[in-house]
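Report on the structure given below.
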Amino acid sequence: MRTKGRPRVTWPHSRPDCWPQFGLNSQADAIYRACSEVMSMSTARPPAARGGRFAEVGRVVGLLLAGAIVLWALFVGLGELIVHFWVHSRFGRADGSVDRYFAGHRSGTGNTVTLVVVYFADTITVAVLTAVVAVGVFLAVRRLREPLFLVAAVAGEVLTFLAVTSIVDRHRPAVVRLDASPPTSSFPSGHTAAAVCVYGGIALLCGVLIRRRNVRRLMWVVAGALPVLVAVGRLYRGMHFPTDVLAGGVLGVLWLTWLMKVYPLGKAPARARTRA
Numbered sequence: 000m001r002t003k004g005r006p007r008v009t010w011p012h013s014r015p016d017c018w019p020q021f022g023l024n025s026q027a028d029a030i031y032r033a034c035s036e037v038m039s040m041s042t043a044r045p046p047a048a049r050g051g052r053f054a055e056v057g058r059v060v061g062l063l064l065a066g067a068i069v070l071w072a073l074f075v076g077l078g079e080l081i082v083h084f085w086v087h088s089r090f091g092r093a094d095g096s097v098d099r100y101f102a103g104h105r106s107g108t109g110n111t112v113t114l115v116v117v118y119f120a121d122t123i124t125v126a127v128l129t130a131v132v133a134v135g136v137f138l139a140v141r142r143l144r145e146p147l148f149l150v151a152a153v154a155g156e157v158l159t160f161l162a163v164t165s166i167v168d169r170h171r172p173a174v175v176r177l178d179a180s181p182p183t184s185s186f187p188s189g190h191t192a193a194a195v196c197v198y199g200g201i202a203l204l205c206g207v208l209i210r211r212r213n214v215r216r217l218m219w220v221v222a223g224a225l226p227v228l229v230a231v232g233r234l235y236r237g238m239h240f241p242t243d244v245l246a247g248g249v250l251g252v253l254w255l256t257w258l259m260k261v262y263p264l265g266k267a268p269a270r271a272r273t274r275a
């Protein structure tokens with residue numbers, strides 16, 4: 000059928016049946032692949048889409064920084080109230096009595112157990128665990144969202160904690176301490192906050208990447224129990240007041256909650272979800 004003007008040429012969805020008769024199999028395959036690539040390029044995302052992605056990254060980073068600043072101001076204010084007013088009240092004296100009780104009831108077994116428990120939230124442990132899990136998750140899902148979530152959970156907590164302790168100057172409990180005192184303030188407990196963020200972050204990742212409900216529940220039990228055990232261990236070893244470990248736990252929970260709000264985890268690709 001003739002049409003006016005230049006005839007319309009369309010590329011077939013498959014090779015013409017006549018090509019094999021002329022020995023054009025390899026040439027036809029090459030031409031077909033080349034034309035398919037050209038046609039697919041016409042549907043590629045425009046540069047504006049990439050610009051939108053950078054804008055989204057900027058929005059997330061800005062919101063995370065804003066949340067960290069709010070938490071910093073909140074805990075600096077709370078810490079200053081404790082240092083200048085709380086410690087002189089009967090509640091403050093009760094705060095210190097807990098450490099004196101633990102110091103008076105120490106034992107060799109208790110010293111060993113608390114040393115092991117606290118090690119789960121030590122700086123080196125948290126750094127190595129975060130790196131190993133982040134790399135492992137990236138190799139499993141082949142995308143950055145999940146690894147970056149865990150890194151942001153730990154890094155944000157550490158930076159906020161250090162910023163707070165640079166302002167709040169609370170002395171360690173007046174008991175014999177079983178660990179070397181770091182140069183940071185006693186308020187808040189960085190070990191407790193780190194335990195909440197790293198193990199809570201891993202539990203959240205397991206909720207996305209692992210199918211088995213029992214495994215997910217087990218990880219949430221670990222994520223809930225370890226920060227409590229770390230907090231008790233730090234009290235036992237004379238490193239913090241009860242209000243310090245409580246503030247550290249709250250700091251970790253608030254930061255992890257804000258991170259989930261700003262940078263939520265979606266469903267992982269089907270190939271990345273494991274039955275383990």
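In numbering that gives the first Met the number 0, the protein residues as written are 0 to 275.
Glycine residues also receive a C-beta, built at the ideal position from the N, C-alpha and C atoms.
Query, Result
"Integer Cβ distance of Arg-233 from Val-117, believed to fall under 8 Å", "6 Å"
"Three-way DSSP call (helix, strand, coil) for Ile-209 in this model", "strand"
"Alpha carbon of Ala-202 to alpha carbon of His-83, nearest angstrom", "38 Å"
"Residue range of the unbroken alpha helix (DSSP H) whose run includes Ile-123", "122-140"
"Arg-52 classed as buried or exposed, judged by whether at least 16 other C-beta atoms fall within 10 angstroms", "exposed"
"8 Å Cβ cutoff, Ala-65 in contact with chain D", "In the structure shown, chain D cannot be found, because there is only a single protein chain."
"Identity of the residue in Leu-70, Lys-260, Val-56, Glu-55 nearest Phe-160 by Cα", "Leu-70"
"Exposure label - Tyr-100; buried when at least 16 CB within 10 Å", "exposed"
"Buried/exposed call for Thr-256, threshold 16 Cβ in 10 Å", "exposed"
"Endpoints, the alpha helix (DSSP H) within which Ser-96 is located", "89-103"
"DSSP-derived helix/strand/coil call for Val-220", "helix"
"Cβ pair Arg-169, Ser-185 closer than 8 Å", "yes"
"C-beta atoms of Glu-145 and Val-131 nearer than 8 Å", "no"
"8 Å Cβ shell around Asp-121 - same chain, five flanking residues per side excluded", "His-190"
"Rounded C-alpha distance that separates Leu-63 from Leu-245", "23 Å"
"Whether Gly-248 touches Val-197 by CB criterion (8 Å)", "no"
"Exposure label - Thr-108; buried when at least 16 CB within 10 Å", "exposed"
"Best match in Ala-93, Asn-110, Ala-54, Gly-66 for proximity to Val-231 [C-alpha to C-alpha]", "Asn-110"
"Local conformation of Val-175 per DSSP, three classes", "coil"
"Backbone secondary structure at Pro-226 - three-state DSSP", "helix"
"Alpha-carbon spacing of Met-259 relative to Gly-206, whole angstroms", "13 Å"
"Of the listed residues Gly-223, Leu-264, Val-167, nearest to Gly-76 (C-alpha basis)", "Val-167"
"Local Cβ density within 10 Å of Phe-148, reported as buried at 16 or more and exposed below that", "buried"
"Proximity below 8 Å, CB of Val-59 to CB of Tyr-262", "yes"
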